[in-house]
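J.: Quick note: the sequence shown uses the UniProt record's numbering, first residue 1, plus one each step.
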Amino acid sequence: PDQILPAEELTNVAPDGCVRLRIPESGTAIETTPPVSVPGLLKKIADAYPNHDALAYKVDGKWNKITYKEYLQLVRICAKGFLKLGLERHHSVCILGFNSPEWFISDLAAIFAGGIAVGIYTTNSSEACFHCANHSKANIIVVQDRKQLEKILAIKSRLPHLKAIIQYEGEPAGPDVLSWEDFMMIGKDQEDEKLDNVLKTIAVNECCTLVFTSGTVGKPKAVMLSHDNLTWDALSISERLDLTKGEEIIVSYLPLSHVAAQVVDIYIVMMNAACVYFADSNALKGTLINTLKEAQPTKFLGVPRVWEKMHEKMMQIAAQNSGIKRAIASWAKNQALQHHLNRIKGVNSNSWGYCVASSVIFKKIKQALGLSHCTVFASAAAPLAADVKRYFLSIDIPIMEAFGMSEASGAHTLCTLDSFGLETIGMALPGMKTKIINSEDGQGELCMSGRHVFMGYLNDKEKTEEAIDSDGWLHSGDLGRIDSKNLVYITGRLKELIITAGGENVPPVPIEQIIKSELPHVSNAFLVGDKRKFLSVLLSFKTDIDPETARPLDTLLPSVQEWLKSLGCPATTVTEVLQAGPDPKLLNALKEGIDRVNQQAVSNAQRIQKLSILPVDFSVATGELGPTLKVKRNIVAIKYADIIEK
1 PDQILPAEEL TNVAPDGCVR LRIPESGTAI ETTPPVSVPG LLKKIADAYP
51 NHDALAYKVD GKWNKITYKE YLQLVRICAK GFLKLGLERH HSVCILGFNS
101 PEWFISDLAA IFAGGIAVGI YTTNSSEACF HCANHSKANI IVVQDRKQLE
151 KILAIKSRLP HLKAIIQYEG EPAGPDVLSW EDFMMIGKDQ EDEKLDNVLK
201 TIAVNECCTL VFTSGTVGKP KAVMLSHDNL TWDALSISER LDLTKGEEII
251 VSYLPLSHVA AQVVDIYIVM MNAACVYFAD SNALKGTLIN TLKEAQPTKF
301 LGVPRVWEKM HEKMMQIAAQ NSGIKRAIAS WAKNQALQHH LNRIKGVNSN
351 SWGYCVASSV IFKKIKQALG LSHCTVFASA AAPLAADVKR YFLSIDIPIM
401 EAFGMSEASG AHTLCTLDSF GLETIGMALP GMKTKIINSE DGQGELCMSG
451 RHVFMGYLND KEKTEEAIDS DGWLHSGDLG RIDSKNLVYI TGRLKELIIT
501 AGGENVPPVP IEQIIKSELP HVSNAFLVGD KRKFLSVLLS FKTDIDPETA
551 RPLDTLLPSV QEWLKSLGCP ATTVTEVLQA GPDPKLLNAL KEGIDRVNQQ
601 AVSNAQRIQK LSILPVDFSV ATGELGPTLK VKRNIVAIKY ADIIEK
């Protein structure tokens, strides 16, 4: 399966198409490393590390393990089952469920069987599921449980290529739905010959996975990723992080339909014979920390909202400390922050105070978080606020930001301790190139090149040509700059730019980050000003979350209530804040925060003149946030049009 099929073009939007690999005739070792297919990689690792644990999952409170030898066997059985059920070459297997061994096995088996693996967000509606399954010509859909199954049953009659549905948790609801156990028995009963013949036809330069963009504007596009895209991207990240084969532990909890989680949890883990522990489906509702304590990961990836929630929780705990405890904690945090800020400046500062704080205080904090064995703390999918970064630096947890996109197989840049800063997203990964085009004052659109750049958007030549130029560079749509040390900075997003009535360009995201930094009790800030004379901002407060629905509640977080109390405002809910108009003392405090933001504005056009408080915080469940927790600006603008127009 590691063959390369002949191809002249760097892009191809046909499901059965192939592309010219971006391997230079001469270059660095990583640029010219021979390509490997997904089946080739798993077989290589299973042969070299047969008895190493690959997957760890909980049953009745106990961890069960699957070795790499068993992992390969299960993937082959599943692939044979898919072929028996009628999976056709270059058709898809869609997977709809929370992270589990069955998710990984289905994903890899789809690729082994010559199909295309497609992850679907569990938060998707039936119609959104229909778009993914129909567009990818799904032959088979694998669902977790009855809740996800119902979405598929509602659209089943409209999917002409669908041949089978498999449910991997609970009793199958319906006569035409296979249980995971029955399905795997079908696979076990098949001979190896058909699968082996299919494997011989697979090539590293053809599509093996589709990743649907989160679709903050319009319908999600299907990003075509080749075997080489995924395995080479995993290799480049592994080299940057200097991972140790057979020793790393990762916890899987972020949505696998997102490329970052797939690359880290499936491919980096596989490439390094690491072990992945599966968190339970309530991970983002509060149980993640229990899994971290039991698994003791060596590397940990979180999206900004995960780090922000951790930050909020720790601030609540810190607020309960006594005077002496608070003084000691303050001293220790100052030592760590100074140590890391000095490192950023290139000054070595392993002071006595930092060493004591690190071994006595921060060690306990990391143990409480389940991160005492962790050597890399990373954040991806959206920008991480500088104040959150500073907070974690002050408890000796330097969070390394990564930058990338689905079209770049996940990651393009990544910070390390040697290329770290509060605002940078790090250097390009080994073998990857970055350039800035249409530069004004050193800032312009960030473009990328390398073997991680995608094949194209499925059946969409026009959009593919918009994304990849004639020289093969991928246009990110992000505004950025590169400094003298080759560190990359994101300064805004072209498509999100607010263009005021006066024609001034305003990048909203960096300003919104500053607002949240100056007003730490604000959960989300949403800048308004397109085609308007001045900027306004919508603010939502931090509130409790319903653990069942993940919807924001009316009750303000205790830290917000304390802050309001200090202002002389006794409100405990958002409703109370808004009744009879917000308290003048609260409005004054918010305006003072906005004044501090305005002092940092680079032009008058970036100064905020009005603010409004929203009745509810943003969330995935209520539609304002996408699956990776990025704000859906068009949805917010429509939903709160009345408040905006006031």
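All residues carry an ideal CB built from backbone N, CA and C; glycine is no exception. Remember, it's a predicted structure, so these values are computed and weren't measured experimentally.
Any contact of the region 51-67 with the region 114-127, i.e. 3+ C-beta pairs under 8 Å?
T.: Judged by Cβ distances under 8 Å, the region 51-67 makes no contact with the region 114-127, as fewer than three pairs qualify.
J.: Which one of I250, T201, A571 has the shortest CA to CA distance from G40?
T.: Taking only the C-alpha atoms, the option nearest G40 is T201.
J.: Determine the extent of the alpha helix (DSSP H) in which V347 is found, giving its start and end residues.
T.: Element bounds for V347: n/a, residue is neither H nor E.
J.: Would you mind sorting A327 into buried or exposed? The rule is 16 or more other CB atoms within 10 Å of its CB.
T.: A327 should be labelled exposed.
J.: Assign C208 to buried or exposed, taking buried as 16 or more other Cβ atoms, counted over all protein chains shown, within 10 Å of its Cβ.
T.: That one is buried.
J.: What residue from I397, L474, I399, E462 has the CA that sits closest to S406's CA?
T.: The residue with the shortest Cα to Cα distance from S406 is L474.
J.: For C132, count neighbouring C-beta atoms within 10 Å of its own C-beta (all shown protein chains included) and say buried if the count is 16 or more, exposed if not.
T.: Label assigned to C132: buried.
J.: Under 6 Å Cβ to Cβ from K639, same chain only, skipping five residues before and after it: list those, please.
T.: Excluding positions up to five away in sequence, the list is empty.
J.: On a Cα-Cα basis, can you pick out the residue from C129, G174, H135, R146 that is closest to I155?
T.: The shortest Cα separation from I155 among C129, G174, H135, R146 belongs to C129.
J.: What is the rounded straight-line gap between the Cα of I324 and the Cα of A357?
T.: So the alpha carbons of these two residues sit roughly 15 Å apart.
J.: Considering only residues of the same chain and omitting the five flanking positions on each side of W331, which have a CB-CB separation below 8 Å?
T.: G353, A357, listed in sequence order.
J.: Around the Cβ of T11, are there at least 16 other Cβ atoms within 10 angstroms (buried) or fewer (exposed)?
T.: It is buried - the Cβ of T11 has at least 16 other Cβ atoms within 10 Å.
J.: In or out: Q513 buried (at least 16 other Cβ within 10 Å) or exposed?
T.: Buried is the call here.
J.: The beta strand (DSSP E) that contains K433, what's its start and end?
T.: Run containing K433: 433-440, per the beta strand (DSSP E) assignment.
J.: Tell me where the beta strand (DSSP E) around P101 begins and ends.
T.: Premise fails: P101 lies in the alpha helix (DSSP H), 101-112, not in any beta strand (DSSP E).
J.: For E25, which of helix, strand or coil comes out of DSSP?
T.: Note: E25 maps to coil in three-state DSSP.
J.: Between P80 and the rest of its own chain, which residues show a CB-CB distance below 6 Å, the 5 nearest in sequence each way excluded?
T.: According to the sequence shown, residue 80 is Lys rather than Pro. Answer for K80: G187, Q190, L195, listed in chain order.
J.: Going by CA-CA distance only, name the one from D182, V269, L225 that's closest to A14.
T.: Nearest of D182, V269, L225 to A14, Cα basis: L225.
J.: Quick one, which of E169, M270, I95, P160 has its alpha-carbon nearest L72's?
T.: Measuring from the Cα of L72, the nearest candidate turns out to be M270.
J.: Taking the DSSP output, what are the residues bridged to Q443?
T.: Paired residues: E440.
J.: Report the rounded CA-to-CA distance for L611 versus M310, giving the unit in angstroms.
T.: Cα to Cα, L611 sits roughly 28 Å from M310.
J.: Going by beta carbon distance, what residues of the same chain come within less than 6 Å of V528, once the five residues before and after it are set aside?
T.: Closer than 6 Å at Cβ, skipping near neighbours: S536, I644.
J.: Quick one: Cα of D642 to Cα of E496, how far?
T.: So the two alpha carbons sit approximately 21 Å from each other.
J.: Which runs of the alpha helix (DSSP H) spanning at least 4 residues fall entirely within the region 475-535, listed in chain order?
T.: Correct list: 508-518.
J.: Three or more beta-carbon pairs under 8 Å between the region 476-491 and the region 439-453, yes or no?
T.: The answer is yes - the region 439-453 touches the region 476-491, with three or more Cβ pairs under 8 Å.
J.: Whose C-beta lies closer than 7 Å to the C-beta of D530 among residues of the same chain, with five residues either side of it excluded?
T.: Within the same chain, D530 has close Cβ partners I498, I499.
J.: What three-state label does DSSP hand P39 in the structure shown?
T.: It is helical.
J.: Using the Cα positions of V36 and L417, report the straight-line distance between them to the nearest angstrom.
T.: Approximately 30 Å, taken between the alpha carbons.
J.: Based on Cα-Cα distance, which residue from S92, R146, E169, E102 lies nearest to K137?
T.: Taking only the C-alpha atoms, the option nearest K137 is S92.
J.: So, does the region 545-555 touch the region 570-581, judging by three or more C-beta pairs under 8 Å?
T.: Yes, the region 545-555 is in contact with the region 570-581.
J.: On the DSSP bridge list, what partners appear for M314?
T.: Note: M314 sits in no beta bridge, so no partner.
J.: Taking all protein chains shown into account, decide if Q600 is buried (16 or more other Cβ within 10 angstroms of its Cβ) or exposed.
T.: Exposed is the call here.
J.: Let me know if T464 comes out buried or exposed under the rule of 16 or more other beta-carbons within 10 Å of its beta-carbon.
T.: T464 is buried by the Cβ-count criterion.
J.: Output the boundary residues of the alpha helix (DSSP H) element that contains E645.
T.: Start and end: 641-645.
J.: Mind the definition here: the region 276-287 touches the region 231-240 only if three or more C-beta pairs lie below 8 Å; say whether that holds.
T.: No, the region 276-287 is not in contact with the region 231-240.
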